[in-house]
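Numbering (this note's numbering), first residue to last: -12 to 122.
Glycine included, each C-beta is placed from N, C-alpha and C at the ideal position.
So the structure is just underneath, and the comments pick up after that.
See below:
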């Protein structure tokens, strides 16, 4: 089991939250002004999308390193379409740029590997069981 992530409401901010995870500092969450927040930090949807993009990048880098391919870096762009979220449809379009990889077969393999990242699998194949308690 992992250490818990702690979310603490920030005083003097409407909805801003301080996030404590593994001793890391300077992580915050907020919501945009259109829904009453300050827009001072990523909102929960941003973190959801960030998780996917980050996981894809790390998964690809690990694979390329293991294969000793010349991947110098990766840029991942995640575009959200949440226009039908209330109907249960949340679309994420991911564009990846592989820096240092020119071979089309290697590029195709890296894209394929990116679909196997743990977060994409969690988002698309897992059943997530959430229990909420009060103290």
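Given this structure, state the Cα-to-Cα distance separating residue 77 from residue 24, to the nearest angstrom.
Position 90 of the chain shown, counting from 1, holds the residue named residue 77. Position 37 of the chain shown, counting from 1, holds the residue named residue 24. If you take the alpha carbons of residue 77 and residue 24, they lie about 22 Å apart.
If you scan the segment -10 to 20 from start to end, which runs of the alpha helix (DSSP H) of 4 or more residues do you find wholly inside it?
The qualifying runs do not exist here; there are none.
In the DSSP assignment, find the beta strand (DSSP E) that holds residue 35 and state where it starts and stops.
If you number the chain shown from 1, residue 35 lands on position 48. Premise fails: residue 35 lies in the alpha helix (DSSP H), 31 to 54, not in any beta strand (DSSP E).
Please return the same chain residues whose Cβ sits closer than 6 Å to the Cβ of residue 68, not counting the five positions on each side in sequence.
Residue numbering aside, residue 68 sits at position 81 when the chain shown is read from its first letter. 78.
Going by DSSP, what residue range makes up the alpha helix (DSSP H) through residue 89?
Position 102 of the chain shown holds residue 89. From DSSP, residue 89 is part of no alpha helix (DSSP H); its letter is neither H nor E.
Taking buried to mean at least 16 other C-beta atoms within 10 Å of its own C-beta, is residue 88 buried or exposed?
The count along the chain shown starts at 1 and reaches residue 88 at position 101. Label assigned to residue 88: buried.
Grouping DSSP H, G and I as helix and E and B as strand, with all else coil, what is residue 76?
Walking along the chain shown from the start, residue 76 turns up at place 89. In the structure shown, residue 76 sits in coil (DSSP, three-state: anything other than H, G, I, E or B).
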